[in-house]
Amino acid sequence: MPVLKEAKYRVLNKDALEILDMEQMELLADRGNWEVIVAARVRQPKVKRVLKKFLLFEDDDETSRMRKWSSFKHELSILQSLEHHNIVRVLAAFQCPSYLGIAMGYHPTDLHRGLLDVTYTEAESYTSQLTDVMCYLHGQRIIHGDLKLGNVLLDRAGRVKLCDFGHSQVIPDDTDKPDGWRGTDGYLPPELYHSQVHNAFKMDNYSLGILMWALFFGTTPRDNINYLYKVGNSSFLKPQHKHCLLRLLALSPTHRADIWEIAGILKDEDTSERYVRTGSVCSLSSECSSDSAQANQSSPDNGSSVTERPESAAVSNQFRAPPTPHPQATSCYLLPQTAYPDSGDVRTSLAPSWPPLHKDL
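Letter 327 of the sequence shown, counting from 1, is numbered 327 in the UniProt record's numbering, and no numbers are missing.
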């Protein structure tokens, strides 16, 4: 089974913000047991960092404290094992008396908040970047587990930064089945509600398809949207983007594309046009047609209530995918069992070679 690097963090005797001379500026998320804040340096308020805090309370029982430690070390070990320009970078991690913290770079917006301002060209760029980073993750047998607009940050140069790996999993070599699935409503794969094979990578890809659909159609996902109908009848999508969405949003995981097929379609922009010109294929297959029929029956929203982005000419229906590229072998570190403490009382010494904390931030 693949393993991750062991989580590395500092043990501090007081609040990290106090040590760093920083103060909280904004609360981004509050889930009770954890929260995400924006902090800035007192003397340099333009220098901002994001801090995810796993809160430790005096009345926590042993089970609750162990669960927080497990979540903290799991997410931290994944982030510290990954190196990709489209994944948020951990700057520092620490154990404070009242919380366990992961400090990351600050990015001013995410795709959920900025969705209405996304142009077709930007959606195209974000789609390409997301596909690239998902190839990287799946190549290491890691699934994100909660792909959605709010978990894709944007830096000032327009680069996407995938964040929130709290639901991520390392999938063993001998199976493709996930160890449970949480995710977010609106992005959940349909097989969760049916007796179908649960392929973790295909489930991740369905959520990616919903995210990409939202980018191109300019609206957040809803339960009553028939995605296959919308995509199949759109007149503004470029062929490769329509092709990708139809392959990612297939209701059956058996018919759904893997991420390397999507990468191949996006890199060969003339693929769909070529198939149309030669008349080789006018639809994905009878199987995907049945997916569309099933979607039409299961969803009342077959109309045109979703506004399209009118930026390109009409395109034909569905297209057969090119052969799937073989994924390149990539190294992946394993998460040792010792990353999960037997109790919440964990004593870890600071490595003497580490630089002062403020240098990390």
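Yeah, the Cβ is synthetic: ideal placement off N, Cα and C, and Gly gets one too.
For the putative contact between TYR187 and SER207, defined by C-beta atoms under 8 Å, what is the C-beta separation to the nearest angstrom?
In the sequence shown, residue 187 corresponds to position 187, counting from 1. In the sequence shown, residue 207 corresponds to position 207, counting from 1. That pair is a contact at about 4 Å.
Between the Cα of LEU246 and those of GLY264, TYR227, PRO45 and PHE236, spot the shortest distance and give me the residue it belongs to.
Your numbering for residue 246 matches position 246 in the sequence shown. Selected option, being the one with the closest Cα: TYR227.
What does the alpha-carbon distance come out to for the pair VAL50 and MET104?
Your numbering for residue 50 matches position 50 in the sequence shown. Your numbering for residue 104 matches position 104 in the sequence shown. Cα-Cα distance, rounded: 5 Å.
Determine the DSSP secondary structure at PHE57, reduced to helix, strand or coil.
Taking the sequence shown and counting its residues from 1, one reaches residue 57 at position 57. Coil at PHE57, not helix or strand.
Quick one: any contact between the segment 173–190 and the segment 202–220, if contact means 3 or more CB pairs under 8 Å?
Yes, since at least three Cβ pairs between the segment 173–190 and the segment 202–220 fall closer than 8 Å, the two stretches touch.
I'd like to confirm the pairing. Which residues does DSSP put opposite PHE94 in its beta bridges?
Translated into the one-based positions of the sequence shown, residue 94 becomes position 94. Partner(s): ARG10 and GLY101.
Cutting at 6 Å between CB atoms, please list the residues of its own chain near LYS177, excluding the five before and the five after it.
One-based indexing of the sequence shown puts residue 177 at position 177. Taken in chain order, the residues that qualify are HIS198.
Beta carbon of LYS161, beta carbon of VAL88: below 8 Å?
Taking the sequence shown and counting its residues from 1, one reaches residue 161 at position 161. Taking the sequence shown and counting its residues from 1, one reaches residue 88 at position 88. Yes; because the gap between Cβ atoms is below 8 Å, this pair is in contact.
Contact between the segment 147–167 and the segment 5–15: three or more CB pairs below 8 Å?
Contact between the segment 147–167 and the segment 5–15 is absent, because fewer than three Cβ pairs lie under 8 Å.
Taking the alpha-carbon of LEU249 as reference, which of PRO221, ASP268 and SER71 has the nearest alpha-carbon?
In the sequence shown, counting from the first residue as 1, residue 249 sits at position 249. Measuring from the Cα of LEU249, the nearest candidate turns out to be PRO221.
Only counting the same chain, and skipping five residues up and downstream in sequence, which positions put a Cβ closer than 6 Å to that of ILE171?
Against the sequence shown, residue 171 aligns to sequence position 171. The residues are ARG141 and ALA200.
Can you look up LEU4 in the DSSP assignment and give me helix, strand or coil?
Position 4 of the sequence shown holds residue 4. Looking at LEU4 - three-state DSSP - the assignment turns out to be coil, as it is neither helix nor strand.
May I ask you to report which of helix, strand or coil DSSP gives ALA16?
Counted from its first residue, the sequence shown places residue 16 at position 16. Note: ALA16 maps to helix in three-state DSSP.
Report the three-state DSSP secondary structure of SER110 (helix, strand or coil).
Taking the sequence shown and counting its residues from 1, the one referred to as residue 110 is at position 110. Inspection of the sequence shows that residue 110 is occupied by Asp rather than by Ser. It is a strand residue.
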